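Numbering (the working numbering), first residue to last: -18 to 124.
All C-beta atoms in this analysis are idealised placements derived from N, C-alpha and C, irrespective of residue type, glycine included.
Here the structure is a predicted model, which is why all the values come from computation and not from measurement.
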């Protein structure tokens, strides 16, 4: 189990009535968050993301999160002509996507369907999950 997953597992302790989210261009960061909260990428339920992403992000004290535009089929983004985008936000975070793209290829090579779609430049993947006890899973496994 990696350090990031251990830190996220620690956050999960305590009050059950809360949720957690992550904005990241890196698939392994998304997967660490999902593992820590008892859901792997294979079992992810995007219902919470769909319902609460806009109100949570628009009330964020972090400006680039607050002003980010949700994009993808999950948010019924009618002006999004690329249906391969599922759940992300245009944060204007322009980074080299070489490493995240390589990580995503590793995920797919392991037979895992990536539920968040493709990541346009300047965007980050987005997921929100409920906190609480894990439902299933070996938190030490990456896939």
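For this session: Could you tell me which uninterrupted alpha helix (DSSP H) segments, each at least 4 residues in length, are contained entirely in the region 43 to 91, listed from first to last along the chain?
Result: Runs found: 44 to 47 and 79 to 90.
For this session: Using three-state DSSP, classify residue 3 as helix, strand or coil.
Result: In this structure, residue 3 counts as strand in the three-state DSSP scheme.
Exercise. With a cut-off of 8 Å, do at least 3 Cβ pairs link the region 69 to 76 to the region 16 to 24?
Worked result: Short answer: they don't touch.
Problem set entry | Limits of the alpha helix (DSSP H) - the one that residue 15 falls within | For residue 15, the enclosing alpha helix (DSSP H) begins and ends at 8 to 17.
Problem set entry | Cβ neighbour criterion (16 or more within 10 Å) applied to residue 52 | Buried, because 16 or more other Cβ atoms sit within 10 Å of the Cβ of residue 52.
Exercise. At what residues does the beta strand (DSSP E) containing residue 111 begin and finish?
Worked result: Taken as a continuous stretch (DSSP letters only), the beta strand (DSSP E) holding residue 111 covers 104 to 111.
Problem set entry | Reduced DSSP category for residue -16 - H, G, I as helix; E, B as strand; rest coil | Under the three-state reduction of DSSP, residue -16 is assigned to helix.
Exercise. Expressed to the nearest angstrom, what Euclidean distance is found between the alpha-carbon atoms of residue 7 and residue 89?
Worked result: Cα to Cα, residue 7 sits roughly 14 Å from residue 89.
Problem set entry | Contacting residues, own chain, Cβ-Cβ under 6 Å from residue 123 (five flanking each side not counted) | Per-residue confidence for residue 123 stands at a pLDDT of 45, beneath the threshold of 50, marking its modelled position as unreliable; the derived number appears in the next sentence. If we look at residue 123 and ignore the five residues flanking it on each side, it has no Cβ neighbours.
Exercise. Can you name the start and end residues of the alpha helix (DSSP H) that residue 39 belongs to?
Worked result: Boundaries of the alpha helix (DSSP H) around residue 39: 28 to 39.
Exercise. Do residue 0 and residue 107 have their C-beta atoms closer together than 7 Å?
Worked result: Contact: no.
Problem set entry | chain D within 7 Å of residue 86, Cβ atoms only | The structure shown contains no chain D; it is built from a single protein chain.
Problem set entry | Among 83, 111, 102 and 9, nearest to residue 70 - alpha-carbon criterion | The residue with the shortest Cα to Cα distance from residue 70 is 102.
For this session: Quick one: grab the DSSP three-state call for residue 98.
Result: Look at residue 98 here: in three-state DSSP terms it is strand.
For this session: Please look up how many angstroms separate the CB atoms of residue 81 and residue 25, rounded, as I've assumed it's under 8 Å.
Result: The beta carbons of residue 81 and residue 25 sit about 18 Å from each other, so the pair does not count as a contact at 8 Å.
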